[in-house]
Amino acid sequence: MNATKVVRRNALVFWRGWRSSMFLSVLGPVLFLTAMGLGLGSLVDPNVQAFGGASYIAFFATGMLAANCMQSAAFSASYPMMSKLTWQRNYEAMLATPLEVRDIYFGELAWIGVTLAQQTIPFFAVMALFGIFDSPLAVLAIPAAVLTGLGFGAAVMALTATLKTDEAYTWLFRFVVTPLFLLSGTFFPINDLPVWGVAAAQLTPLYHGIELIRGMTISNLTLVAGLTHLTYLLLFLAVGIVIGVRNLTHRLVP
Amino acid sequence: MPDDGVLIHAAGLIKRFGDFVAVDGIDFEVRRGEAFGFLGPNGAGKTSTMRMIGCTSAPTDGLLSVIDMDTVAESTQIKSRIGVVPQIDNLDIELSVRENLEMYARYFDISRFEAAERIDELLEFVQLAEKAKDRVESLSGGMKRRLVIARALVNRPELLLLDEPTTGLDPQARHLVWDRLYRLKQRGVTLVITTHYMDEAEQLCDRLVVMDKAEIVAEGSPRELIVGYCTRDVVELRLSDANRERLKGSVDGLVERVEWLPDRVLLYTETGEATLAAIQDGGIHTETALVRRSSLEDVFLLLTGRTLVE
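Sequence lines, in order, name chains A and B.
Those letters in the first sequence? Residues 434 to 687, by my numbering.
Those letters in the second sequence? Residues 701 to 1010, by my numbering.
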């Protein structure tokens, strides 16, 4: 499989700075959980039922697990990918070898998956140290978070393949990624939103990622709800892949 | 089946992007072991043609085969046997000089052991052995170009595609690149080169085609083109306005063709020295006068015009 060669190229570059990457992916969650979970959480009435009986730190951290993946994948598929596509033309160089567009596409998407796992696992471990989980099944939150992130990675890759300049990213992060982060249930239950807000939040992939993770870790998930969230996330990813491969092919092999 | 010596065969080759016609039905053949050039102004269709040969752009219509294989259906196989030097350097700036070659070798499924040997050889060949561990960003323009060429050779290609290989390089760097390309040709590598430098085409190409406005307008060896489209000599004159007028009255019949440029007059003739003597004997005072052999550049300007294409 030629896509693995693209993964290996990225791994070689990543490996150089692995110490700082690992440090950041552990330090980040510790700071966030301490500041938001314990700091802000101490202001939240512990008897309140809004978080489904869980503590605020547990509620917030499980949401963050998915939201982090969304932001990380969206970023990886934006500027760094535009650099390889347009500024440095790495993909053009790869295409002059037996690699084809599909190899490049799936290699890059797989690499995004690897980096998501690399960031999610330490985050999950820190959460475990904070005593957030009671069941070993909670470990399923890791693939769920990675799947959520991959969907966003594929969507942004599909966008990047159509762009000549990076102007659109300002809009993407300001008007899509950040509002999703704030309003899809990371910080507070979406039920606190007005009715139309609840309906809108339920349409977002991040909401389904977060609900799936929370359901498997800190609250009870019905089979139907679990399958609904999973199907939604898989469809989101599948549509992103189909459009992404089409757009990248159109761009690289006109 | 085309005959054995033919490495690239194109017939009625067309490339359109929407309504824009980049390549409009061209025919050409490149034979094994030769250096073949595409000459033409910017936008003539050279790069589009190169991309089709390199299997990164599908022909809209017509026939194109490389090493007897179809560039769309068998692109992966073709790409494993050719090397590509693109117009704009696309090295991996996150990797060192040597890593750039190692990674490329991996893309071609060359074993680590085999790659190490070839890379040592290639770094020597392009005179970058001492730079092996350096970051690509620290290299000069000429060094980057040589590294791109080395990278294109990592799979020992039988065909090397070079899109404007020396554009932007200083004279020393250009001559070094030309020297290396010449050595490759002597080893039997087929070269396909696009350029708008006439000296490059004359130096490197056995045979070339001149492209203009998506079509091939002339074909032959550099010498054949000069003989076929131009006189042996060109006389370049700078004249005062008065002398210019006097020359206009007397030049007819003296030379084969005259070109009146704003700053100069060009006289195309078989006998440059005699023509100049005749003009000066006729009492026309020339501010400067130069007799030279006609070059590929004269043919190029004749065929593609002096108007700036933008």
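Note that CB positions come from ideal geometry on N, CA and C, so glycine has one too.
| Query | Result |
| --- | --- |
| Below-7 Å beta-carbon distance, residue 521/A vs any chain B residue | yes |
| Neighbour flag for residue 796/B against chain A, beta carbons, 7 Å | no |
| Per-residue contacts from residue 892/B into chain A (C-beta, under 7 Å) | Residues of chain A passing the Cβ test: none, with the nearest at roughly 14 Å. |
| Interface positions of the segment 727–757 of chain B facing chain A (Cβ-Cβ less than 7 Å), listed along the chain | 754, 756, 757 |
| Partner residues on chain B for residue 525/A, Cβ-Cβ distance less than 8 Å | 756, 786, 790 |
| Buried versus exposed call for residue 916/B [16 or more other C-beta atoms within 10 Å across all chains shown] | buried |
| Residues, ordered as in the chain, of the segment 523–551 of chain A that lie near chain B by beta-carbon distance below 8 Å | 523, 525, 526, 527, 528, 529, 530, 531, 532, 533 |
| At least three beta-carbon pairs within less than 8 Å, the segment 669–677 of chain A to the segment 714–732 of chain B | no |
| Validate contact between the segment 820–829 of chain B and the segment 753–771 of chain B using beta carbons, cut 8 Å, 3 pairs | no |
| Partner residues on chain E for residue 779/B, Cβ-Cβ distance less than 7 Å | Here chain E cannot be found, since the structure's protein chains are A and B. |
| Cross-chain neighbours of residue 808/B in chain A, by beta carbon under 8 Å | 530, 531 |
| For residue 738/B, three-class secondary structure by DSSP | strand |
| DSSP three-state assignment for residue 508/A, whether helix, strand or coil | helix |
| Length of the line joining the Cα atoms of residue 702/B and residue 767/B | For residue 702/B, the predicted structure reports a pLDDT of 44, less than 50, and the residue's modelled location is therefore unreliable. The matter cannot be settled from this model. |
| Chain-ordered chain A contacts of residue 803/B [CB-CB under 7 Å] | 442 |
| Whole-angstrom distance between residue 560/A and residue 629/A, CA atom to CA atom | 33 Å |
| Exposure label - residue 562/A; buried when at least 16 CB within 10 Å | exposed |
| Three-state class that DSSP yields for residue 835/B in the structure shown | strand |
| Neighbour flag for residue 687/A against chain B, beta carbons, 7 Å | yes |
| Stretch pair the segment 653–664 of chain A + the segment 498–512 of chain A: three plus CB contacts closer than 8 Å | no |
| Positions along the segment 714–728 of chain B whose CB lies within less than 8 Å of some CB in chain A | 717 |
| Proximity of residue 715/B and residue 765/B at Cβ, strictly below 7 Å | no |
| Within 7 Å, strictly: CB atoms of residue 584/A and residue 666/A | yes |
| Residue environment, residue 800/B, which counts as buried when at least 16 other CB atoms sit within 10 Å | buried |
| Proximity test, Cβ basis, 7 Å: residue 597/A and chain B | no |
| Assigned secondary structure, residue 733/B (DSSP; H/G/I helix, E/B strand, else coil) | coil |
| Cβ-based neighbour list, residue 922/B, same chain, cut-off 8 Å, excluding 5 preceding and 5 following | 901, 902, 905, 908, 996 |
| Inter-residue Cα distance where the pair is residue 830/B and residue 684/A | 37 Å |
| Residue 932/B and residue 987/B closer than 7 Å at C-beta | no |
| Nearest residue (CA-CA) to residue 756/B, options 531/A, 468/A, 567/A | 531/A |
| Chain A residues whose Cβ lies nearer than 8 Å to that of residue 793/B | 521 |
| Beta bridge counterpart(s) of residue 889/B as assigned by DSSP | Note: residue 889/B sits in no beta bridge, so no partner. |
| Entirely enclosed beta strand (DSSP E) segments - the segment 965–1009 of chain B, minimum 3 residues | 965–969, 988–993 |
| Cβ contact (3+ pairs, closer than 8 Å) linking the segment 509–523 of chain A and the segment 585–602 of chain A | yes |
| Boundaries of the beta strand (DSSP E) in which residue 711/B is found, first to last residue | 706–717 |
| Span separating the alpha-carbon of residue 1011/B from that of residue 966/B | Nothing about residue 1011/B can be reported from this structure: the residues present for chain B run from 701 to 1010 only. |
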